[in-house]
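If you use the working numbering, the sequence shown corresponds to residues 7 to 89, in order. The beta-carbon is built from N, C-alpha and C at its ideal position, and this holds for glycine as well. Predicted model, so just to flag it, every value in this text is computed and none were measured.
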Amino acid sequence: MGDVKLAVRVRLLPTPEQAAALEATLRAVNDAATWVAALAHSQRVFRNYDLRKHAYGQIKDNYGLAAQAAQHVIKKVTDAYAT
(Lines of atoms letter the chains of each structure in order from A and count residues from 1; the text may use other names and numbers.)
(Lines give C-alpha, C1' and ligand atoms only; values in the text may rest on other atoms or scores of the structure.)
Protein backbone atom coordinates (compact mmCIF):
# COMPACT_ATOMS: atom_id res chain seq x y z
CA MET A 1 0.00 0.00 0.00
CA GLY A 2 1.07 3.56 -0.61
CA ASP A 3 1.83 6.08 2.04
CA VAL A 4 -0.89 8.50 3.03
CA LYS A 5 0.07 12.16 3.06
CA LEU A 6 -1.69 14.68 5.21
CA ALA A 7 -1.75 18.31 4.15
CA VAL A 8 -2.42 20.89 6.81
CA ARG A 9 -3.18 24.51 6.18
CA VAL A 10 -2.05 26.92 8.86
CA ARG A 11 -2.35 30.63 9.23
CA LEU A 12 0.64 32.57 10.48
CA LEU A 13 0.00 35.30 13.00
CA PRO A 14 3.39 36.99 13.22
CA THR A 15 4.20 40.05 15.25
CA PRO A 16 4.97 43.14 13.15
CA GLU A 17 8.70 42.47 13.62
CA GLN A 18 8.33 38.83 12.58
CA ALA A 19 6.24 39.84 9.57
CA ALA A 20 8.92 42.29 8.46
CA ALA A 21 11.64 39.65 8.84
CA LEU A 22 9.58 37.09 6.92
CA GLU A 23 8.88 39.55 4.13
CA ALA A 24 12.57 40.49 3.90
CA THR A 25 13.56 36.83 3.71
CA LEU A 26 11.01 36.06 1.01
CA ARG A 27 12.15 39.07 -1.02
CA ALA A 28 15.79 37.97 -0.68
CA VAL A 29 14.91 34.44 -1.80
CA ASN A 30 12.99 35.73 -4.82
CA ASP A 31 15.73 38.22 -5.74
CA ALA A 32 18.33 35.47 -5.44
CA ALA A 33 16.25 33.12 -7.59
CA THR A 34 15.98 35.77 -10.29
CA TRP A 35 19.76 36.25 -10.22
CA VAL A 36 20.43 32.48 -10.27
CA ALA A 37 18.04 31.99 -13.20
CA ALA A 38 19.88 34.67 -15.17
CA LEU A 39 23.22 33.08 -14.25
CA ALA A 40 22.02 29.63 -15.28
CA HIS A 41 20.79 30.98 -18.60
CA SER A 42 23.93 32.98 -19.38
CA GLN A 43 26.32 30.16 -18.35
CA ARG A 44 24.11 27.42 -19.84
CA VAL A 45 24.32 25.51 -16.54
CA PHE A 46 21.07 23.85 -15.52
CA ARG A 47 21.99 20.91 -13.28
CA ASN A 48 21.73 21.41 -9.52
CA TYR A 49 25.28 20.28 -8.71
CA ASP A 50 26.87 22.35 -11.48
CA LEU A 51 24.83 25.45 -10.73
CA ARG A 52 25.63 25.17 -7.03
CA LYS A 53 29.35 25.49 -7.84
CA HIS A 54 28.64 28.78 -9.62
CA ALA A 55 26.06 30.32 -7.31
CA TYR A 56 26.01 28.98 -3.74
CA GLY A 57 28.65 31.21 -2.16
CA GLN A 58 27.43 34.32 -3.92
CA ILE A 59 23.85 33.72 -2.83
CA LYS A 60 24.96 33.51 0.79
CA ASP A 61 27.24 36.54 0.51
CA ASN A 62 25.10 38.83 -1.65
CA TYR A 63 21.62 37.99 -0.37
CA GLY A 64 22.38 37.10 3.26
CA LEU A 65 20.61 33.77 3.05
CA ALA A 66 21.40 30.79 5.25
CA ALA A 67 22.66 27.53 3.76
CA GLN A 68 19.27 25.83 3.53
CA ALA A 69 17.65 28.83 1.84
CA ALA A 70 20.55 29.12 -0.62
CA GLN A 71 20.19 25.45 -1.54
CA HIS A 72 16.43 25.91 -1.93
CA VAL A 73 16.96 28.82 -4.34
CA ILE A 74 19.24 26.73 -6.54
CA LYS A 75 16.82 23.79 -6.48
CA LYS A 76 13.91 26.09 -7.32
CA VAL A 77 15.75 27.40 -10.39
CA THR A 78 16.92 23.98 -11.62
CA ASP A 79 13.39 22.61 -11.21
CA ALA A 80 12.02 25.51 -13.26
CA TYR A 81 14.47 24.77 -16.08
CA ALA A 82 13.71 21.04 -15.92
CA THR A 83 10.05 21.49 -16.85
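Please state whether DSSP places residue i in a helix, a strand or coil.
| i | result |
| --- | --- |
| K82 | helix |
| T40 | helix |
| V35 | helix |
| D56 | helix |
| P22 | helix |
| G70 | coil |
| A30 | helix |
| L12 | coil |
If the criterion is Cβ atoms closer than 8 angstroms, does the pair residue i and residue j meet it?
| i | j | result |
| --- | --- | --- |
| Y27 | Y69 | Here residue 27 is Ala; the residue named in the question, Tyr, does not match the sequence. No, Cβ-Cβ distance for A27 and Y69 is not below 8 angstroms. |
| V5 | A61 | One cannot answer for residue 5 here, as it falls past the ends of the chain, which runs 7 to 89. |
| K82 | N54 | no |
| F52 | T84 | yes |
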